[in-house]
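A.B. asks: Letter by letter, the sequence shown follows residues 20 to 454 of our numbering. Attaching a single structure in structure tokens format; questions to follow.
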Amino acid sequence: MKHRGRHRRRRRGRAVRATLAGTALALTAAATLISASQAEVTDAPGTLKPLSASAEAGRLPLAERRVPGQWLDRLSSEMGRPVGVGTVLESADRPLRDAADCSTAEKHALPVEPAATRAYCFGAADTRGWRPGAVTTSGDADDDGRWGENRVILSGWTNGAEGGSMDGPAPGQGLAKVAFVDANDPDRLRYTWALLAVPVDGGHDYRGLVSPLSGMVWYQDKLLVTTREGDRDALYVYDMDRIQRATVESDAVGRVRGGWAAHGYRYVLPAVGSYTLPGGDEPRPATVSLDRSTSPDSLVASEWVPADGDRRTRLWRYPLSRDPARPGLLTTDSSGHADPVEAYETKTTDVRGVLAYRSGWYLDRAAGSPGGHGTLWRQDTDSARATECGTDETRHCWSGRSGSLSYWEETGEVWSQSGRMLFALPLSSVDRALD
């Protein structure tokens with residue numbers, strides 16, 4: 020796809036932002052008094068500690084690997100010509116309910132402070148047995164906030180019970196799917212599903228990607244997703260112009276009698292590449308997001324360290340390629356390795372979402388107990404702050420079941436999801452609550 024309209028619709032974008040700023044919704048069920056005071060507490064993680072990206076503690080080289088083009092061409096010749104995002108959206112026929120129509124239990128997953136300004140919920144029947152993961156948008160894909168003529172949100176889900184560690188569901192579970200959400204009309208969001216897959220057998224077949232979608236970034240025509248512990252592939256790469264139609268409605272995945280199946284879904288994305296770890300006991304990106312405030316644009320990543328872990332959490336920044344022949348991919352050296360240009364340590368543990376913008380890093384820390392709320396920290400090398408809420412001035416004010424973070428720069432919104440709730444709020448409201 021040619022990236023048209025990078026400087027179009029700015030006037031319309033400003034109008035969207037103005038509308039959103041004046042339309043804060045009463046979305047949470049919390050009846051507590053909100054306080055934005057910033058008293059020091061004992062659980063504060065302190066500032067970020069810079070690490071040398073070339074030193075052992077800060078290094079995390081990722082080796083780029085491509086799926087052979089002939090494999091992808093073989094799939095296309097046997098499954099039919101690939102389609103793009105616009106075609107997928109044309110079949111988006113499943114409605115997302117507005118927050119007003121969501122249950123109190125569902126809305127309990129929303130942040131307490133700052134409150135979401137937009138929120139929607141997926142249907143229980145459509146997501147039962149699946150757990151929510153990462154979010155990315157057309158605001159990541161292109162800086163005018165659109166992909167072609169469409170505003171799009173991608174919501175990742177993994178088959179398996181909620182909770183547990185970041186290393187994914189039990190064997191036999193773990194298929195990963197993405198909801199393609201048509202977000203052109205904010206009052207009428209609709210979606211359809213696509214299954215993530217990996218080509219096998221020389222492109223004669225594919226298997227489902229078995230991974231918790233804890234991190235996901237859509238940049239230009241590529242979608243990068245995190246993979247589970249124990250897999251040397253740290254990130255899988257998908258091409259948004261290489262979406263295949265399933266031809267048989269079946270719970271099976273791959274080639275079946277009479278055609279191709281995608282666990283009952285209409286579309287399947289075969290991976291076009293991956294970024295692999297060096298091997299050994301290496302850290303790995305557990306959650307990722309896009310930062311458009313750097314030059315070039317960059318991918319930021321956080322590893323996952325449990326709350327009872329005996330070490331600090333590491334953060335990395337990778338530059339994205341400016342080479343027009345490599346759209347949507349990380350910058351690599353002559354040997355095909357992508358190296359971080361920044362690295363940090365933080366005392367924040369159980370990080371489920373990471374976002375970097377300008378000098379601030381926003382870390383989404385999971386709730387310490389079932390049914391509780393998490394904490395959203397903003398850290399840099401000089402300070403660490405989190406919103407306080409409630410009469411006891413707790414810092415557990417973020418979403419109940421923490422998820423990834425994605426910043427839609429054109430509208431100024433941060434998107435995330437928790438439980439069945441997909442929600443957004445202005446980044447400016449987060450920063451105001453922290454000042």
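For every residue, glycine included, the Cβ atom is placed at its ideal position computed from N, Cα and C. Here the structure is a predicted model, which means the values were calculated and not measured.
(1) Looking only at DSSP bridge pairs, what is P304 linked to?
(2) Tell me where the alpha helix (DSSP H) around M98 begins and ends.
(3) Taking the Cβ atom as the reference point for each residue, do Q398 and L67 lie within a distance shorter than 7 Å?
(4) Could you give the first and the last residue of the continuous beta strand (DSSP E) run that contains R451?
(5) Counting along the chain, where does the alpha helix (DSSP H) carrying N160 start and finish?
(6) With a Cβ-Cβ cutoff of 7 Å, do V236 and D258 count as a contact?
(7) T400 to S423, Cα distance in whole Å?
(8) Could you have a look at G221 and say whether DSSP puts it in helix, strand or coil?
(9) On the DSSP letters alone, give me the boundaries of the beta strand (DSSP E) that K196 sits inside.
(10) Where are the beta strand (DSSP E) runs, 3 residues long or more, that stay fully inside the region 244-312, in chain order?
(11) Among residues of its own chain, excluding the 5 on either side of L446, which ones have a beta-carbon nearer than 8 Å to its beta-carbon?
(12) State the CB to CB distance for the pair A280 and S269, rounded to an integer number of angstroms; the pair is presumed to be in contact (CB under 8 Å).
(13) Under three-state DSSP, which class holds D145?
(14) Taking 6 Å as the limit between beta carbons, can you name the residues of its chain near A320, skipping five residues before and five after?
(15) Residues in the same chain with beta-carbon distance under 7 Å from G164, minus the five sequence neighbours each way, listed in chain order, please.
(16) For G387, does the count of other Cβ atoms within 10 angstroms reach 16, so buried, or fall short, so exposed?
(17) Taking contact to mean 3 or more Cβ pairs, one atom from each stretch, closer than 8 Å, check whether the region 70-83 and the region 360-372 are in contact.
(18) Determine the closest residue to M440 out of R414, L339, H127 and D260, with distance taken between C-alpha atoms.
(19) Which residues bound the beta strand (DSSP E) around L395?
(20) Exposed or buried, which one is E125 when buried takes at least 16 other CB atoms within 10 Å?
(21) Given a cut-off of 7 Å on the beta-carbon distance, is the pair D240 and G347 in contact?
(22) What number of angstroms, rounded off, separates the C-alpha of A144 from the C-alpha of V102?
(23) Leaving aside the five residues before and after A160 along the sequence, list all residues of the same chain whose C-beta is less than 7 Å from its C-beta, in chain order.
(24) Is G391 closer than 7 Å to W417 when the C-beta atoms are compared?
C.D. replies: If we stick to the structure as given:
(1) None, per the DSSP bridge assignment.
(2) G88 to M98
(3) yes
(4) That residue, R451, is in no beta strand (DSSP E); its alpha helix (DSSP H) goes L446 to L453.
(5) The question names Asn, but residue 160 is Ala in the sequence shown. S157 to A160 is the extent of the alpha helix (DSSP H) around A160.
(6) no
(7) 22 Å
(8) helix
(9) A195 to D201
(10) 252-258, 272-275, 278-281, 286-295 and 306-310
(11) Y376, Y426, G431, E432 and V433
(12) 4 Å
(13) helix
(14) P304, V307 and W335
(15) G32, S157, G158, R170, W427, E429 and T430
(16) exposed
(17) yes
(18) H127
(19) T394 to Q398
(20) buried
(21) yes
(22) 28 Å
(23) W166, W237, Y238 and Q239
(24) no
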